[in-house]
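K.L.:
Below you'll find the structure I mean.
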Amino acid sequence: MTTTQVRHDSLLRFALKLDGVASGGLGLIALLFNDLPTGLPRGLVIGLSVFLLFYGVGVFLLGLRPIRPLVAVVIIGNSVWVLDSFLTAFAGWFPVTGLGVFLIVAQAIAVMGFITLQVLGLRRSA
């Protein structure tokens, strides 16, 4: 398999690095404040926090040298994350509190922004 490094990609690099910093930051904050009354199981919050720390580092590193197929994976993963976030907030899987709904929806909206920037950046770099 060959990889194609993306050129003329300042928006894409910015979008990936921003996603990486925000994801890692959210992971750290959620890990430190995992006992907030969100209605989500504490183990789930801790597990997702650790995942976000590693994911953030990976996406940030991808932002240093974007590779189109990996960027597409990030965009798809972010899209699944947004869908799952809304389902978690509203499908009744957990007894999510008002604070929990607010936090889940707020981060999902932020991720939709990352998706938009990443798609625009990928198109501009083609």
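Quick note on our numbering: the sequence shown kicks off at 4 and runs consecutively. C-beta atoms are modelled at their ideal positions from N, C-alpha and C, and glycine is treated no differently. Owing to the predicted nature of the structure, the values given are computational and were not obtained by experimental measurement.
With isoleucine 78 and valine 122 assumed to form a contact (beta carbons below 8 Å), what rounded beta-carbon distance in angstroms separates them?
P.N.:
The count along the sequence shown starts at 1 and reaches residue 78 at position 75. The count along the sequence shown starts at 1 and reaches residue 122 at position 119. Confirmed, about 6 Å.
K.L.:
I need the DSSP call for valine 9, collapsed to helix, strand or coil.
P.N.:
Mapped onto the sequence shown, residue 9 falls at position 6. Because valine 9 sits at a pLDDT of 47, beneath the cut-off of 50, its placement in the model cannot be relied upon, and the following sentence gives the value as read from the coordinates. The answer is coil: DSSP assigns valine 9 none of H, G, I, E or B.
K.L.:
Out of Phe89, Trp96 and Arg127, state which residue places its alpha-carbon closest to the alpha-carbon of alanine 111.
P.N.:
Residue numbering aside, residue 111 sits at position 108 when the sequence shown is read from its first letter. It is Phe89.
K.L.:
Quick one: complete alpha helix (DSSP H) runs, 4+ long, within the segment 38 to 79?
P.N.:
Correct list: 45 to 67.
K.L.:
Quick one: using the 10 Å Cβ neighbour count with 16 as the cut-off for buried, is isoleucine 118 buried or exposed?
P.N.:
Taking the sequence shown and counting its residues from 1, one reaches residue 118 at position 115. It is buried - the Cβ of isoleucine 118 has at least 16 other Cβ atoms within 10 Å.
K.L.:
From this set, His11, Arg16 and Ala129, which residue's C-alpha is nearest leucine 67's C-alpha?
P.N.:
Here residue 67 refers to the residue found at position 64 of the sequence shown. The shortest C-alpha separation from leucine 67 is found at Arg16.
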